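S.K.: Note that our numbering numbers the sequence shown so that position 37 is 39, with each residue one more than the last.
Idealized CB from N, CA, C, for every residue including glycine.
Please read these numbers as outputs of a predicted model, since none were measured by experiment.
Could you have a look at this structure, given as structure tokens, before my questions?
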Amino acid sequence: MAEKIQEKSQLRMTFHNGDKEDGTMILKSKLYPNIAIASSPDALLTVSEAIASLQLLPLVEVAEVVTYTLVSE
């Protein structure tokens, strides 16, 4: 049976960087690596709100990007 082990976690924040001529949003993402694996969703959201308050562009989305390693037992 296989097992997955969480290897790393990153915080991806997506910002609204204007609109195209057809009205579609132009998005810009920033990735913050080396997030503690044990971070709670509330802690990640609090940090992302603090970072967003320092940005010029409005925040659209916050995501946690998790990388796993698969191993067989």
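Which residues share a DSSP beta bridge with T26?
M.R.: Looking up residue 26 in the sequence shown gives position 24. DSSP, once it has assigned bridges, lists no residue as partnering T26.
S.K.: Which residue comes first and which comes last in the alpha helix (DSSP H) that contains S50?
M.R.: What you label residue 50 is simply residue 48 of the sequence shown in a count that begins at 1. Segment P43 to A54, the alpha helix (DSSP H) holding S50.
S.K.: Quick check on the burial criterion: 16 or more other C-beta atoms within 10 angstroms. Buried or exposed for L13?
M.R.: Counted from its first residue, the sequence shown places residue 13 at position 11. It counts as buried.
S.K.: Find out if the Cβ-Cβ distance for the pair V62, H18 is shorter than 8 Å.
M.R.: As a position in the sequence shown, residue 62 is number 60, starting the count at 1. As a position in the sequence shown, residue 18 is number 16, starting the count at 1. For V62 and H18, yes; Cβs fall inside 8 Å.
S.K.: Could you tell me whether the Cβ atoms of V73 and S11 are closer together than 8 Å?
M.R.: Here residue 73 is taken as the residue at index 71 of the sequence shown, counted from 1. Here residue 11 is taken as the residue at index 9 of the sequence shown, counted from 1. No, these two residues do not count as a Cβ contact at 8 Å.
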